[in-house]
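Below is one structure, written out as structure tokens; the observations come after it.
Now the structure itself:
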């Protein structure tokens, strides 16, 4: 892909060396572009990586960085924890113009921004939470150009102020993280991603680097098409890591609780337990505490301060505890010594499972990934989808009402739009947020500005509704595949590789199928001798002492 006709200044090797050598004094002032040979220089890249605290780059990271220097589009599909961020952060220290990093995850943007500021890496964060003076300062810094990493969301990238600043500065590279969100065939479709390709073309069509941890072949094709990538280099690595031992334990009802408690007391810590609901997180955390397992909790209904405190305590070095959390926990989290990830309920998709299970054993040592699977798991996710997914028929109603308002060249209030579409106020507000995310309307205060003609706005909403119809169909298909994985009698790793289009390969030799693991004995499923009557402190003292019969119970670890 072309660089969009941007005129870059010539440079010398001395300027590049000075740029990297004077990093401690800040690099934003050095806007001179190194030569092509210097871009490809291993020492130049290594110094930039060292500034980020990276001693050695993986071959896949080097490939992606080299493609960026060659102004070639690149699709990066690498496992969770592989270090995909280095693929665009390293170029941002070398390119003479800003590199854009787009992510839908506000918490991840904040975390990465804080880390890069601590490393004195030139970067600005502009999203919906950055307002007032801080926003003005960041936009001015962006417009000034030079080596810089812009950290933003799809919605903010489409704003007039961000576009204006980027047109002044120029864009060296656009990195689109969580790129699977662009596809309704993916497990996490987000309408805000739909216009990314158009917005990037409006910025001079800079080279695009799309990044994701998991993507089937159909999702990869969607990413390439939607972002307008031209002959992209595809860098992909297996989502399965050789040090992970996968296991599925069929169970349901009270058996599931018994399995969780006995495994949590038996397995080496630190551990991570994923639940599908916030209620399950709260209940299981209390249960494990009563059985002497030191735990932390994390879910979206906790306050930000509570989540930060729980996360900080869990991530403390050498802290051997168990985090009980929803899928809200884990994005951008770096705790290399997690010894097991246990899913208390089946996840909604294999993509989600691979990403979450992949948080175990990042230190390269053996780790376990255990799935507790029961027939009732599907109903949990179907109920969650019914609450959270957009209903296409409601979007059709909204689109018809928007077209009527547009035909009269009127700007409706949210209340008037709800009445004219025969939708409740809360539903109408939620749907307006969805179509605003897709760039069809602009919602400000209580008014809804329609950004297209009457004919086009209804077509745009109908197209969006059809994409949500596809998403709902795929939701069921993904749940079927999770059940197929749980019931399969072949190597777990081979099953996952085939799903992600990697062919067969050799069996992993570690999973429960490869090891022909025998069913758990009857004693594993016996009712628990609940210590709740002892109180938490007495229960903790009781564990670790020898019981009648000489069997030891797990001693709690800090």
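Numbering (the working numbering), first residue to last: 1 to 558. The beta carbon of each residue, even a glycine, is placed where N, CA and C say it ideally should be.
For this session: Starting from the C-beta of residue 276, find all residues in its chain whose C-beta is less than 6 Å away, skip the five residues before and the five after it, and write them out in chain order.
Result: Closer than 6 Å at the Cβ level, and outside the excluded window around residue 276, lie 345 and 380.
For this session: Kindly indicate which three-state DSSP category residue 400 falls into: helix, strand or coil?
Result: Helix at residue 400.
For this session: Could you check the C-alpha separation between residue 469 and residue 392 for me, to the nearest Å?
Result: Annotation: residue 469 to residue 392 spans about 6 Å, alpha carbon to alpha carbon.
Exercise. Among the residues of its own chain, which have a CB less than 6 Å from the CB of residue 329, if the five just before and after it don't count?
Worked result: Closer than 6 Å at the Cβ level, and outside the excluded window around residue 329, lie 298.
Exercise. Given residue 402, which residues of its chain have a CB within under 6 Å of its CB, disregarding the five upstream and five downstream residues?
Worked result: Excluding sequence positions up to five before and after residue 402, its CB lies within less than 6 Å of the CB of 450 and 457, all in the same chain and listed in chain order.
For this session: Kindly indicate the opening and closing residues of the alpha helix (DSSP H) around residue 477.
Result: Residues 454-487.
For this session: Return the chain-ordered ranges of every alpha helix (DSSP H) run that is complete within the segment 331-365 and spans a minimum of 4 residues.
Result: Entirely contained in the segment 331-365, the alpha helix (DSSP H) runs reaching 4 residues are, in chain order, 350-357.
Exercise. How many whole angstroms separate the CB atoms of residue 100 and residue 174, which I take to be in contact at a CB cut-off of 8 Å?
Worked result: Indeed they touch by this definition, with Cβ atoms about 5 Å apart.
Exercise. Between the Cα of residue 460 and the Cα atoms of 202, 195 and 312, which residue gives the shortest distance?
Worked result: The candidate whose alpha carbon is nearest that of residue 460 is 195.
For this session: Buried or exposed for residue 9, please, with buried defined as at least 16 other CB atoms from any protein chain shown within 10 angstroms of its CB.
Result: Low confidence applies to residue 9: its pLDDT is 35, below 50, so where it sits in the model is not reliable, and the reading given next is rough at best. By the neighbour-count criterion, in which a residue is buried when 16 or more other Cβ atoms sit within 10 angstroms of its Cβ, residue 9 is exposed.
For this session: Indicate whether the contact test is met: 3 or more Cβ pairs, each with one atom in the segment 368-384 and one in the segment 88-95, closer than 8 Å.
Result: Contact fails: fewer than three Cβ-Cβ distances are below 8 Å.
For this session: Counting only the same chain and skipping the five closest in sequence on each side, list residues whose C-beta sits under 8 Å from that of residue 498.
Result: Only 504 meet the Cβ criterion.
Problem set entry | Residue range of the unbroken beta strand (DSSP E) whose run includes residue 113 | Unbroken run through residue 113 is the alpha helix (DSSP H), 106-118; no beta strand (DSSP E).
Exercise. Rounded to a whole number of angstroms, what is the C-alpha to C-alpha distance between residue 314 and residue 322?
Worked result: Rounded to whole angstroms, the gap between the alpha carbons of residue 314 and residue 322 is 8 Å.
For this session: Check each candidate in 443, 365, 480 and 411 and name the one with the smallest Cα separation from residue 376.
Result: The shortest Cα separation from residue 376 among 443, 365, 480 and 411 belongs to 480.
For this session: Could you check what DSSP says for residue 87 in three-state terms: helix, strand or coil?
Result: Residue 87 falls in the helix class under three-state DSSP.
Exercise. What's the C-alpha gap between residue 257 and residue 248?
Worked result: If you take the alpha carbons of residue 257 and residue 248, they lie about 15 Å apart.
Problem set entry | 7 Å Cβ shell around residue 21 - same chain, five flanking residues per side excluded | Low confidence applies here, because residue 21 scores a pLDDT of 39, under 50, leaving its location unreliable; read the following figure in that light. Beyond the five residues adjoining it in sequence on each side, residue 21 comes within less than 7 Å, by CB distance, of no other residue in the same chain.
For this session: Determine, using beta carbons only, whether residue 153 and residue 188 come nearer to each other than 9 Å.
Result: Going by C-beta atoms, residue 153 is not nearer than 9 Å to residue 188.
For this session: To the nearest angstrom, report how far apart residue 204 and residue 68 are at their CA atoms.
Result: If you take the alpha carbons of residue 204 and residue 68, they lie about 16 Å apart.
Exercise. Identify the residues that DSSP records as bridge partners of residue 176: which are they?
Worked result: Answer by DSSP bridge pairing, in chain order: 102 and 210.
For this session: Would you please state the rounded distance, in angstroms, between the beta carbons of residue 98 and residue 159? I believe it to be under 8 Å.
Result: So it is not a contact: roughly 16 Å between Cβ atoms.
Exercise. Near residue 496, what residues of its chain come up, given a Cβ to Cβ distance below 7 Å and the 5 sequence neighbours on each side ignored?
Worked result: Result list for residue 496: 239, 240, 350 and 354, in chain order.
For this session: Please state if the CB of residue 364 and the CB of residue 243 are separated by a distance shorter than 9 Å.
Result: A contact, by the Cβ cut-off of 9 Å.
For this session: Could you check if residue 112 is buried or exposed, using at least 16 other CB atoms within 10 Å of its CB as the buried criterion?
Result: Using a 10 angstroms sphere on the CB of residue 112, the tally of other CB atoms reaches 16 or more, which defines it as buried.
Problem set entry | Buried or exposed (CB count within 10 angstroms, at least 16 for buried), residue 217 | Exposed.
For this session: With a cut-off of 8 Å on the beta carbons, I'd call residue 273 and residue 342 a contact; round off their distance for me.
Result: At roughly 5 Å, the Cβ-Cβ gap stays under 8 Å, so residue 273 and residue 342 are in contact.
Problem set entry | Those runs of the beta strand (DSSP E) which lie wholly inside the segment 42-78 and span at least 3 residues | Segments of the beta strand (DSSP E) lying fully in the segment 42-78: 74-77.
For this session: Excluding the 5 residues preceding and the 5 following residue 131 in the sequence, name in chain order all residues of the same chain whose CB lies nearer than 6 Å to its CB.
Result: If you ignore the 5 residues before and after residue 131, its C-beta comes within less than 6 Å of no other C-beta in its own chain.
For this session: Mind the definition here: the segment 299-319 touches the segment 226-237 only if three or more C-beta pairs lie below 8 Å; say whether that holds.
Result: By the Cβ test, the segment 299-319 is not in contact with the segment 226-237, since fewer than three Cβ pairs between them sit closer than 8 Å.
Exercise. Counting pairs of Cβ atoms below 8 Å between the segment 134-141 and the segment 50-62, do you hit three or more?
Worked result: In short, these stretches do not touch, since the Cβ pair count stays below three.
Exercise. Looking at the structure shown, is residue 449 part of a helix, part of a strand, or coil, going by DSSP?
Worked result: Strand, per DSSP.
For this session: Could you check if residue 308 is buried or exposed, using at least 16 other CB atoms within 10 Å of its CB as the buried criterion?
Result: Burial check for residue 308: the Cβ neighbour count within 10 Å stays below 16, so the residue is exposed.
Exercise. How big is the Cα-Cα spacing for residue 446 and residue 414?
Worked result: Approximately 6 Å between the Cα atoms of the pair.
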